[in-house]
Amino acid sequence: MDEFTDSIGIAAPPEAVFAYLTTAEGMTAWMGEYADLDPVPGGRFAVNIAGYPVRGEFLHVEPPHRVVVSWGFAGSDELPAGASTVEFRLTPTREGTRVDLRHYDLPDAQVPGHADGWANFLPRLAAAGAGGNAGPDYWLPLPH
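Under full-length UniProt numbering, read the sequence shown as residues 1 to 144, first letter to last.
Encoded structure:
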């Protein structure tokens, strides 16, 4: 098992950014075409991204500083629903918020594809989280 980490700065306070991680409207502004979220520990985390059904649950919800969800794909043998973990830490900065992402418990073969996805989606979170429009998303997963 391996992990992917990255961080971004967003020109908005943690309270504003937090909503983009815990509401369907916020989530789909930067990632996915559909989201069904219940942001309480044990609550539903369902986001469809480029036709792939990401499924898991909220593990920790600490407004406005931390969100942890389980993450995997419905019907996948390689990374089943809830098999990996994604943690977002939001830290206030002079400019707004630093978001530290840690995606762990990933099978080694899944790291390149998830790194590619996060490289697409984190800048979109920065745009949407700052009140902008992330625009249409044309990202597609890397071929296996």
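Beta carbons are placed, not taken as given, at the ideal position from N, Cα and C, and that holds for glycine.
Predicted model only: the values in this text are computed from it and were never measured.
Query - Three-way DSSP call (helix, strand, coil) for Thr23 in this model - result: Numbered from its first residue, the sequence shown carries residue 23 at position 23. It is coil, neither helix nor strand.
Requested in this report: Could you have a look at Arg124 and say whether DSSP puts it in helix, strand or coil?
Outcome: Along the sequence shown, read from residue 1 onward, the residue named residue 124 stands at position 124. Arg124 falls in the helix class under three-state DSSP.
Report task. Excluding the 5 residues preceding and the 5 following residue 147 in the sequence, name in chain order all residues of the same chain whose CB lies nearer than 7 Å to its CB. Result -> With the chain covering 1 to 144 only, the question about residue 147 has no answer from this structure.
Requested in this report: For Val68, I'd like the list of residues in its chain whose CB is within less than 6 Å of its CB, leaving aside the five on either flank, ordered along the chain.
Outcome: Taking the sequence shown and counting its residues from 1, the one referred to as residue 68 is at position 68. Here the set comprises Leu59, His60, Glu87.
Requested in this report: Using 10 angstroms around the beta-carbon of Met27, count the other beta-carbons present and answer buried if the total reaches 16, otherwise exposed.
Outcome: Residue numbering aside, residue 27 sits at position 27 when the sequence shown is read from its first letter. Buried, by the Cβ-count rule.
Query - Reference Glu62, options Val17, Pro53, Trp30, closest by Cα - result: Counting from one through the sequence shown, the residue named residue 62 turns up at place 62. Nearest of Val17, Pro53, Trp30 to Glu62, Cα basis: Val17.
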